[in-house]
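Chemist: Sharing a structure, written as structure tokens. Questions coming.
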Amino acid sequence: ASTPCPPQACEVLVASAVTEPPTRDIKDTWFSLDGPYKGKSLRLVFGDHQVEMAKIARNLTEAKKYALNENEDHMQAEYIKAFHDGSMYAHKDSQRHWIKDKGPTVECNIGFIETYRDPHGIRGEWEGFAAMINKERTRAFGELVRSAPAQIPKLPWPAAFEKDKFLAPDFTSLEVLTFAGSGIPAGINIPNYDDIRQNEGFKNVSLGNVLSAAAPKEPIPFIRPEDQDVYDACKDPAFEVQVGLHELLGHGCGKLLQETEPGKFNFDVEDPPLNPVTGQKVASWYKPGETWGSVFGGMGPSYEECRAESVAMSLCPDYSILKIFGLGDGSEDINSKAGDVLYICYLSMARAGIAALQFWDPNSRKWGQAHMQARFAIMQVFLRAGADFCTLTSSQPDLSDLVITLDRSKIPTHGKPAVDAFLQKLHVFKATADLASAKQFYEDYTHVDEWFAQKVRPEVIRQAKPRKVFVQGNTFLKEDGEGVELREYEASPEGMIQSFVEREYI
């Protein structure tokens, strides 16, 4: 709009080092709204977090001097532009260069990345990490990447709902030096820009020293006494299998059916594919300008985590995949070491579903954490699988001895088929932009009934262990300028506080 912006316009704050960027991604800074907000105006206001963004841009300018190749150089240049000028287009370009920088010894990424903490699922939280590659574990993940074209067709949807070509990503196991953000994940699949992920590629990262970080051994709530030893012995390899499948084949698979621009489609609109859920031809898709995030909104992050977790649950019963992780020789034997890990993959997911109730608010009756809501849904899939595949039992009225009983022999006959049926709907609703069906379906599986709310949740709260915190080291440039000192701290509250005291903040 070329006329002056009305004084009552809604303001959207854009993080940048300057209030008037020299060049803009879009020519206008205010817009007249249509639809239900007709008559209202929206204005872009640059300069949010101005001091911090200026420092970040300056430091990235210094970091750029140490780029080892053209991709790293261009990536840093786009980061600088993104944070100095407030340009999301520049940040997208930084990620294009980042995914081309294959297998660096030192890996990093930075920006407003994840939307989990925004109730609307739109605004990204600032985070950044620096890490070093674990070459031995990365070799195993490389084999998983190479096998991906053979694994993806095993998932429960037709080829029309899958990418035309699997874009083999970089999949590395990293040892984290520093991860700045509200929480440290065990694995990452980025960038989150769907057009880049679908058409250009992505990277998978498994954070090895986050996966292996463990408190002293203690009984695990809701696990039967006879399962405690196998759970303790297999939880780490089971988690590694889950993270690998979740990130690579979970977030990395699937096609969004789109009208990419007016009259241009990424599928045959004259003869649309059959929807495996309805048996009818596909009748909905993403319109020009729509994205997965804009259509699914606040439900999107949890829904996508549930889809990725379900992919892991669908594929982990495949012994040829377990073999890639060094578990067994590929032969099916539920009582082998590979079978133990498979059993714990399922049992730990069921346990995570119960423990997730800690993150459900009985007052608002809403979930407060995307992954927890997703795991509760998958636990419900197990409970609804039939034939007593998975049950919750207790001999006490207050459920103080509540445990999960999961029949490992029924994973292939009841557990996996139930997951596949659930996953097919999750995936197809996402692929076809069918928000109405997705919402009804997902809310059914994540609904907390009175038994879970009034009986199970209080016991979850009673048995809840304090959330684990990570004590991260700091780096310091030596006074002579010839090296870097890594300073680590003891795993205690005092050590964590000291690490914060000695850390320099922007």
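If you read the sequence shown in my numbering, its first letter stands for residue 366, the second for the next number, and so on.
Just so you know, even glycine gets a beta-carbon here, dropped at the ideal spot from N, CA and C.
Since the model is a prediction, treat every value here as computed from it, not as a measurement.
Flag this pair as yes or no: are the beta carbons of Ala783 and Val746 separated by less than 7 Å?
Modeler: Within the sequence shown, numbered from 1, the residue matching residue 783 stands at position 418. Within the sequence shown, numbered from 1, the residue matching residue 746 stands at position 381. Contact flag set, yes.
Chemist: Identify every run of the beta strand (DSSP E) within the region 740-784, keeping only runs that are complete inside it and at least 3 residues long; order them along the chain.
Modeler: The region 740-784 contains these whole beta strand (DSSP E) runs: 755-758, 768-771.
Chemist: Under a three-way DSSP split, which group does Ala525 fall into?
Modeler: Position 160 of the sequence shown, counted from the start, is the residue given in the question as residue 525. Helix.
Chemist: Would you check if the distance between the CB atom of Ser459 and the CB atom of Tyr481 is smaller than 7 Å?
Modeler: Translated into the one-based positions of the sequence shown, residue 459 becomes position 94. Translated into the one-based positions of the sequence shown, residue 481 becomes position 116. Cβ distance not < 7 Å, so Ser459 and Tyr481 don't count as in contact.
Chemist: Would Cys681 be called buried (16 or more neighbouring beta carbons within 10 Å of its own) or exposed?
Modeler: As a position in the sequence shown, residue 681 is number 316, starting the count at 1. Looking at its Cβ environment, which holds 16 or more other Cβ atoms inside 10 Å, Cys681 is buried.
Chemist: DSSP three-state label for Leu520, please.
Modeler: Sequence index remark: in the sequence shown, residue 520 carries index 155 (1-based). Looking at Leu520 - three-state DSSP - the assignment turns out to be coil, as it is neither helix nor strand.
Chemist: Using the three-state DSSP reduction, which class does Ala703 fall into: helix, strand or coil?
Modeler: By 1-based counting over the sequence shown, the position of residue 703 is 338. In this structure, Ala703 counts as helix in the three-state DSSP scheme.
Chemist: Would you grab the beta carbon distance between Ala703 and Leu610 for me? Rounded to a whole angstrom, and I think it's under 8 Å.
Modeler: Within the sequence shown, numbered from 1, the residue matching residue 703 stands at position 338. Within the sequence shown, numbered from 1, the residue matching residue 610 stands at position 245. The pair is not a contact, with the Cβ atoms about 14 Å apart (cut-off 8 Å).
Chemist: Given Ala371, which residues of its chain have a CB within under 7 Å of its CB, disregarding the five upstream and five downstream residues?
Modeler: Along the sequence shown, read from residue 1 onward, the residue named residue 371 stands at position 6. What sits at residue 371 in the sequence shown is Pro, not Ala. If we look at Pro371 and ignore the five residues flanking it on each side, its Cβ neighbours are Ser406.
Chemist: Using a threshold of 7 Å, state whether the C-beta atoms of Leu409 and Thr394 are closer than that.
Modeler: Counted from its first residue, the sequence shown places residue 409 at position 44. Counted from its first residue, the sequence shown places residue 394 at position 29. Yes; because the gap between Cβ atoms is below 7 Å, this pair is in contact.
Chemist: Put Lys629 into one of helix, strand or coil per three-state DSSP.
Modeler: Translated into the one-based positions of the sequence shown, residue 629 becomes position 264. Strand.
Chemist: Would a C-beta distance cut-off of 7 Å place Gly662 and Gly400 closer than the cut-off?
Modeler: Here residue 662 is taken as the residue at index 297 of the sequence shown, counted from 1. Here residue 400 is taken as the residue at index 35 of the sequence shown, counted from 1. Result no, Cβ atoms of Gly662 and Gly400 do not sit closer than 7 Å.
Chemist: So Ala829 packs on Gln723, CB below 8 Å; how close in whole Å?
Modeler: Looking up residue 829 in the sequence shown gives position 464. Looking up residue 723 in the sequence shown gives position 358. Contact flag correct, Cβ pair sits at about 5 Å.
Chemist: Apply the 10 Å Cβ neighbour rule to Gly693 and answer buried if 16 or more other Cβ atoms are within range, or exposed otherwise.
Modeler: Residue mapping note: residue 693 aligns to position 328 of the sequence shown, counting from 1. It counts as buried.
Chemist: Can you tell me the Cα-Cα spacing of Lys530 and Tyr596, whole angstroms?
Modeler: Here residue 530 is taken as the residue at index 165 of the sequence shown, counted from 1. Here residue 596 is taken as the residue at index 231 of the sequence shown, counted from 1. Cα-Cα distance, rounded: 38 Å.
Chemist: When the Cα of Ala496 is compared with those of Lys519, Phe526, Gly552, Ala524, which residue comes out closest?
Modeler: Sequence index remark: in the sequence shown, residue 496 carries index 131 (1-based). Taking only the C-alpha atoms, the option nearest Ala496 is Gly552.
Chemist: Grab the span of the alpha helix (DSSP H) containing Ile549 for me, first residue to last.
Modeler: Indexing the sequence shown from 1 puts residue 549 at position 184. Premise fails: Ile549 is in no alpha helix (DSSP H) and is neither H nor E.
Chemist: Do Glu492 and Ile478 come within 7 Å of each other at the CB atom, strictly closer than that value?
Modeler: On the sequence shown, position 113 is the one that residue 478 refers to. On the sequence shown, position 127 is the one that residue 492 refers to. Yes; because the gap between Cβ atoms is below 7 Å, this pair is in contact.
Chemist: Taking the continuous alpha helix (DSSP H) assigned at Gly658, which residues delimit it?
Modeler: For the purposes of this step, residue 658 is identified with residue 293 of the sequence shown, where counting begins at 1. Run containing Gly658: 657-661, per the alpha helix (DSSP H) assignment.
Chemist: Considering only their Cβ atoms, is the gap separating Arg740 from Gly718 smaller than 7 Å?
Modeler: Residue mapping note: residue 718 aligns to position 353 of the sequence shown, counting from 1. Residue mapping note: residue 740 aligns to position 375 of the sequence shown, counting from 1. Contact flag set, yes.
Chemist: Terminal residues of the continuous alpha helix (DSSP H) containing Cys473?
Modeler: Here residue 473 refers to the residue found at position 108 when the sequence shown is read from its first residue. Taken as a continuous stretch (DSSP letters only), Cys473 belongs to no alpha helix (DSSP H), being part of the beta strand (DSSP E) at 471-479.
Chemist: What does the alpha-carbon distance come out to for the pair Tyr870 and Gly451?
Modeler: In the sequence shown, the residue the question calls residue 870 occupies position 505. In the sequence shown, the residue the question calls residue 451 occupies position 86. Their Cα atoms are separated by approximately 21 Å.
Chemist: Inspect the CB distances between the region 556-569 and the region 462-476 and report whether three or more fall short of 8 Å.
Modeler: Touching, yes.
Chemist: Based on Cα-Cα distance, which residue from Gly412, Leu622, Glu859 lies nearest to Val660?
Modeler: Stepping through the sequence shown from its first residue, residue 660 is reached at position 295. Ranking Gly412, Leu622, Glu859 by Cα distance to Val660 puts Leu622 first.
Chemist: Give the secondary structure of Ile445 by DSSP, where H, G and I count as helix, E and B as strand, and everything else as coil.
Modeler: On the sequence shown, residue 445 is found 80 positions in, with the first residue counted as 1. It is helical.
Chemist: Considering only the beta carbon of each residue, do Pro602 and Val706 sit closer than 7 Å?
Modeler: Translated into the one-based positions of the sequence shown, residue 602 becomes position 237. Translated into the one-based positions of the sequence shown, residue 706 becomes position 341. Yes, these two residues count as a Cβ contact at 7 Å.
Chemist: Quick check on Cys599: does DSSP put it in helix, strand or coil?
Modeler: By one-based count along the sequence shown, residue 599 stands at place 234. Three-state DSSP puts Cys599 in a helix.
Chemist: Grab the span of the beta strand (DSSP E) containing Glu492 for me, first residue to last.
Modeler: Along the sequence shown, read from residue 1 onward, the residue named residue 492 stands at position 127. Run containing Glu492: 490-498, per the beta strand (DSSP E) assignment.
Chemist: What did DSSP end up calling Lys457 once you bin it into helix, strand or coil?
Modeler: Taking the first residue of the sequence shown as position 1, residue 457 is located at position 92. Of the three classes helix, strand and coil, the one that applies to Lys457 here is helix, per DSSP.
Chemist: Select from Gln645, Glu635, Glu670, Lys600 the residue whose C-alpha is nearest the C-alpha of Leu613.
Modeler: As a position in the sequence shown, residue 613 is number 248, starting the count at 1. Residue Glu670 is the option with its Cα nearest to Leu613.
Chemist: Starting from the C-beta of Ala735, find all residues in its chain whose C-beta is less than 6 Å away, skip the five residues before and the five after it, and write them out in chain order.
Modeler: Translated into positions along the sequence shown, residue 735 becomes position 370. The answer, listed in chain order, is Tyr481, Pro666, Ser667, Glu670.
Chemist: I'd like the span of the alpha helix (DSSP H) that includes Thr811, first residue to last.
Modeler: Numbered from 1 along the sequence shown, position 446 holds the residue referred to as residue 811. Unbroken alpha helix (DSSP H) run through Thr811: 800-811.
Chemist: Classify Asn640 as helix, strand or coil using the three-state DSSP reduction.
Modeler: For this step, residue 640 is matched to residue 275 along the sequence shown. Asn640: coil per DSSP, three-state reduction.
Chemist: Among Trp657, Lys600, Ser701, Thr778, which has the Cα closest to the Cα of Cys310?
Modeler: The requested residue 310 does not occur in the structure, where the chain is confined to residues 366 to 871.
Chemist: Rounding to the nearest angstrom, what Cα-Cα distance links Lys820 and Leu764 in this structure?
Modeler: Along the sequence shown, read from residue 1 onward, the residue named residue 820 stands at position 455. Along the sequence shown, read from residue 1 onward, the residue named residue 764 stands at position 399. Straight-line Cα distance between these residues: approximately 7 Å.
Chemist: DSSP state of Trp725, grouped into three classes?
Modeler: Taking the sequence shown and counting its residues from 1, the one referred to as residue 725 is at position 360. In the structure shown, Trp725 sits in a strand (DSSP, three-state: E or B).
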